[in-house]
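For the sequence shown, the numbering used here begins at 86 and goes up steadily by one.
Have a look at the structure below before the remarks.
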Amino acid sequence: PDVAAMVMAQDEYSWLTDSVHESLRNCFADVADYVQCYEPFRAMHVENSAMDVEAIRTRDPPLEWYQERMQLHRQQHEQVAAIRSSKRVGLSVVSTKGLREYFLPVPQDCLHALQ
């Protein structure tokens with residue numbers, strides 16, 4: 086007799102494999118949900134990358150506008166710097182070090198451009 090076929094024919098085997106598959110699906114769903122918390126950083130990156138310094142200078146906004154924007158970019162830099170290198174999510178460990186390194190220079194670049 087084929088031992089593998091005998092094992093796979095057992096109801097308990099089917100139940101266990103289904104449970105493992107369901108657990109893995111849930112784990113990946115949890116990771117996908119967790120990753121969504123970085124969406125504001127992506128939106129910030131897109132907005133900051135599109136900053137047109139020449140258009141700003143042409144508009145010649147008041148000093149208060151510059152102060153507000155510089156404060157905003159300082160806060161963004163601090164928020165990005167505070168991103169943890171990794172986080173355990175269920176059975177997975179999500180590494181965000183590369184994400185932080187990708188986002189970190191942009192607020193700093195905006196600060197330098199406004200000065």
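The beta-carbon is built from N, C-alpha and C at its ideal position, and this holds for glycine as well.
*By how many angstroms is the C-alpha of residue 195 removed from the C-alpha of residue 154?*
9 angstroms
*Would you list, in sequence order, the uninterrupted beta strand (DSSP E) runs of no fewer than 3 residues that lie entirely inside the region 97-133?*
Along the length of the region 97-133, whole beta strand (DSSP E) runs at least 3 residues long do not occur.
*Is residue 179 near the ligand HEM, going by C-beta to nearest heavy atom under 8 angstroms?*
In the structure shown, the ligand HEM is absent, as is every other ligand, since no ligand is present at all.
*asked:* Less than 6 angstroms between C-beta atoms, sequence neighbours within five positions excluded: which residues of the same chain meet that for residue 176?
replied: 112
*Going by CA-CA distance only, name the one from 185, 198 and 178 that's closest to residue 117.*
178
*Just grab the DSSP bridge partners of residue 173 for me.*
178
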